[in-house]
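Below is one structure, written out as structure tokens, with a few remarks after it.
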Amino acid sequence: MNIRSGYIYKDDFLHRLDARAKIFFTLSSLLFLIAESSSSSIFAFLSLIVILTFHSLGMMGINRAFAPVSFLLLFIFILSPFSCREGTPLLMLSDFVLVTKEGLSYSLHLALRLTGISFLFSLLFSTERMENLLSALTSFGLKYPISLSVILSFSFVHRLSLRYSEIKDAISLRKGGSVGRKGILDVLSALIVYALKEVSSTSNALVGKGYDGKGKVTDMHPLSSSYSVVIISIICILLPWIFHLL
Amino acid sequence: MLSIKGLSFSYEDGERIFDDLSLSMDEGERILILSPPGSGKTTLSKILSGALGEDDGELSGYSFSIDGDDVLSLCDSRRSAFVARVSQDSSELFVFPTLWDEVAFPMAARKVPYDEIRMKADEIIGYYDLGKLSESSVMELSGGEMRRLSLASADALSSKLYIYDESFDELSKGYRERVKEIIGEKKYAIVLASRFLECFEGFFDKMYTISRGRLSLLSSVPKYSLSFQHAEIEEEHELRVENLSFSLSHESSSFHSALELRVPSFSLKSGRIKLLTGENGSGKSTFSKLLVGLYQESTGTFSLDGVRIGSKDRKRRISYLMQDPFPSLYLPRVRDELESVSSDNERIEEAMAVFSLKGDEYVSTLSFGKAKMLQSAIYYLLRRPFVILDEPDVALSYADVEKVVDAFLSTGAGILLITHDENIKKMGYEGYTISDGVLS
Amino acid sequence: MNKSTGRISLISVMTALTVVFTLIIRYPVVATNGYISLIDASIVFSAIAFGPVPGFLIGALGSALSDIIGGYALWAVISFVVHGLEGLLIGIVARNGNFSALKGVLSVLVSLIIVPLGYFLLTGLFLVDFKTSLVEVPGNLLQSGVGSVIGVVLYKIVLNSYPKLKNMRW
């Protein structure tokens, strides 16, 4: 697992696309997927997204997008007999209508929508660094201290997970074998105490680097500020809705 | 001209560290403060850089000025333009996930324009040969690389006074020379060290030590000699390792090759001390972890008194005191920790006396040195037949190292002492060295 | 300690701790996803220890980041809202004075109600439909129940070991 952010490096068109444009695209597409009633439009849009994912991230990208929703997708179809009981029957058990055509198409619609949303977000976070996404959000008005908190938390995720292993090993060695069931509380509380100490040393470190905790600093990952970004953003916002017309 | 006058400081528990300390430096001067671990060097550096203040103890009204500016009147974030501290524990000052951000941030905080930051950060990173790692995660760096990174991000501060706390550790000779060059360019430089390194020869204008709460001039490097007592052996045991081989690949960074370790033969007997030495990263802690059963060996046999012993039993028979004592501590107070390993009150009182511990102190607020003593006390009470001490001399003064080793010897344990320290190496104990992945 | 940088540090470290509790520390249990995450333990701890605003931020950011890093990116926005609310409410419950057993029970109840209900409603509204989102409720109940109890217990333990915790409230 890439502790860094779910971002996977590759130098292609999608990765280089401006972060703001991607955010616009994601939001617009999300709205489209939720509002759109035609399954075929959603399917066409989904095909585009899947192709983009495959192009930029390969089979791994497809897996990453499918895995989190596979369980729900299964249930959508398991529960489809219970939706739209009135309608053209497709599957019958003696006199009992199990599945209707409407029920199945309803389930399909849900499934396509869910899959689309998963691919959408997976694509966003796999093709853009967190620092750039935060820069984009900051340009939309997100306060810098929050953006900084998110960036710093990535370094602590790594550090705290290393520390967790160290503590688990050290305590299990001291106890002469394994940590034991109640031992997990010992490990977790020791980890929390370490984290709390890190809070004050991080605060000192920030001050020691000349930051007073308020206000802005120079953007270390500036996004380009050309007109083309505006044009591309507009295209990104309109793109999903083209599928509505199909 | 730099001047500090009348600095007195005591920790909350009343322990008085400095008593009317003063120091003055001319521009371009480089001084060395040479003093054993635990004597207050890091505390001094933290007070001067502002990391420790009135909230942490009793700090007297002292004066601190650099080139005519009163440092104490500056707001805390402006202080870094005057005083920069390079911490002994490199990761203490790291906050960003990537190396480049870590070096760029001090400049960004001063609102330097982006293009200038880009140029200067690349320059500084290049100077320390960290260019290839610039997008790497900070946690994937080796000890030496982290050391260089902490120096690089300090350079990005463009400060006046630089305090280097044990910054030469873990650096190869080549980088030590480079650090000396950099130090030479600083306006005021103070180096803190607990051991006089070869590369220090002829480099400093003045040498001080901390005694009785003040700085006093040293005219020559103090000589130390240590001695450990003889063990009282009740039972004789021997731990042997034959034909061990192990390999560990660093999955995260592609710049580290896989670590291979081969141990043809190793033995440790009760009541005896054996040393384990080797360069940083050579595999000393890896061997220790194999010995104690944390890692699984590829091939090899471990035997105790001639009988094969598996990892489960080794965990119960070997005490491994890791360099950082804190991961093994988890109870609220010192007394709670000791009581969790022994129900014999007499022995607990004895341990507290030997290791100079106070029962009602909170574990979470112990200094590194005291935590190390607590760790030692806990394992002393556990009385396992074999003990691995991983570089105790880094955190403890020689007197305390002697106390710890003597305590374990009095339980008849066989001790594997891992160290870099020249004075300990000179003591004449048998030992093993790891080089090129082989322990011999 | 500088108040502003102290706050930034608190949020970053505890958000990271939440991610670690969620993704790294796993206890395999049957349930829905195959494991129980301790996410609620960390959020409940932070909300009780630091207050409503940090509780909200740590809950929201911690859960959203866990989803993004862990490969469940689509849940990020929903988790942000649900766990953010959880942290906010528990922070309010635990505010002022000593942390009594009553407050502990209330905190657990907040988790037990908000988390499964929140996911049920928001997933049902935006991702699938209510029939399907019902499926997740038992798993979430178990997870938030166990997690919140552990969070309360951890608070007591850590307060005992690290008295300075009291000074870290916003």
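Protein chains in written order, with the numbering used here: chain A, 384 to 629; chain B, 83 to 522; chain C, 45 to 214.
Backbone N, C-alpha and C define an ideal beta-carbon position, used for all residues, glycine too.
All figures in this text were calculated on a predicted structure; none of them were measured in a lab.
- Per DSSP, the continuous alpha helix (DSSP H) segment holding B:Arg417 begins and ends at Val416 to Val423.
- Within the stretch 250-297 of chain B, the runs of beta strand (DSSP E) that reach at least 3 residues and sit entirely inside it are, in chain order, 270-275 and 288-293.
- Rounded to whole angstroms, the Cβ separation of C:Ala91 and C:Gly99 is 3 Å, and the two are in contact under 8 Å.
- Across the set A:Ala418, A:Thr409 and A:Ile615, the C-alpha of A:Ala418 shows the shortest separation from the C-alpha of C:Leu169.
- Residue pairing from DSSP places B:Ser106 in a beta bridge opposite B:Ser85.
- Spatial neighbours of B:Pro179 in its own chain (CB-CB distance under 8 Å, excluding positions within 5 residues in sequence) are listed in chain order as Ser219 and Val220.
- For B:Phe310, not one C-beta of chain A is nearer than 7 Å to its own C-beta.
- As the crow flies, the alpha-carbon of A:Ser561 is around 13 Å from that of B:Val374.
- Residues of the stretch 548-581 of chain A whose Cβ lies closer than 9 Å to any Cβ of chain C, in chain order: Ser548, Ile567, Leu568, Asp569, Val570, Leu571, Ser572, Ala573, Leu574, Ile575, Val576, Ala578, Leu579, Lys580 and Glu581.
- In the displayed model, C:Ser123 falls within a helix according to three-state DSSP.
- Between B:Ala133 and B:Arg160, the beta carbon gap of about 15 Å keeps them out of contact (Cβ cut-off 8 Å).
- The beta carbon of A:Gly444 lies closer than 6 Å to those of Thr436 in the same chain, with the five residues before and after it left out.
- Taken through DSSP and simplified to helix, strand or coil, A:Ile459 comes out as helix.
- Here the C-alpha atom of B:Gly256 lies approximately 28 Å from the C-alpha atom of B:Ser131.
- Cβ neighbours of B:Met228 within its own chain (closer than 7 Å, five residues either side excluded): Ser172 and Ser173.
- With its beta carbon at least 7 Å from every one in chain A, B:Tyr462 lies outside the interface.
- Setting aside the 5 residues that flank it on each side, C:Phe124 is surrounded in the same chain by Ala104, Ser107 and Ala108, each with a C-beta closer than 7 Å to its C-beta; the list follows chain order.
- It is roughly 7 Å from the alpha-carbon of A:Ala494 to the alpha-carbon of A:Ile459.
- For the stretch 594-611 of chain A, the set of positions with a beta-carbon nearer than 7 Å to some beta-carbon of chain C reads Tyr594, Asp595, Gly596 and Lys597 in chain order.
- At a cut-off of 7 Å between beta-carbon atoms, B:Leu156 makes no contact with chain A.
- Around C:Pro182, no beta-carbon contact reaches into chain B at under 9 Å, the shortest distance being about 34 Å.
- Counting along the chain, B:Lys123 sits inside the alpha helix (DSSP H) bounded by residues Lys123 to Ser131.
- Excluding residues up to 5 positions away in sequence, Ala203, Ile206, Ile207, Ala234, Ser235 and Ala238 lie with their Cβ nearer than 7 Å to the Cβ of B:Val185 in the same chain.
- Across the set A:Gly499, A:Tyr392, A:Gly596 and A:Ser532, the C-alpha of A:Gly499 shows the shortest separation from the C-alpha of A:Leu413.
- Looking at the DSSP output, B:Phe146 bridges to B:Ile86.
- Closer than 7 Å to the CB of B:Glu473 there is not a single CB belonging to chain A.
- In the structure shown, B:Thr383 adopts extended strand secondary structure according to DSSP, grouped into three states.
- Sorting B:Leu463, B:Phe450, B:Thr447 and B:Phe408 by C-alpha distance to the C-alpha of B:Met434 places B:Leu463 at the top.
- By the criterion of a C-beta distance shorter than 6 Å, B:Cys281 is surrounded in its chain by Arg258, once the five residues flanking it on both sides are discounted.
- Listed in chain order, the positions of the stretch 122-143 of chain B with a beta carbon within less than 7 Å of a beta carbon of chain C are Asp137.
- Taking one beta carbon from each stretch, the stretch 483-497 of chain B and the stretch 579-590 of chain A have fewer than 3 pairs nearer than 8 Å; the two do not touch.
- Looking at the DSSP output, B:Asp472 bridges to B:Ile500.
- Secondary structure note for A:Gly560: it is in no beta strand (DSSP E), with a DSSP letter that is neither H nor E.
- When the beta-carbon positions are compared, B:Leu126 and B:Val273 stay at least 7 Å from each other.
- The beta carbons of C:Ile55 and C:Val88 sit no closer together than 7 Å.
- With at least 16 other beta carbons inside 10 angstroms of its own, B:Pro119 counts as buried.
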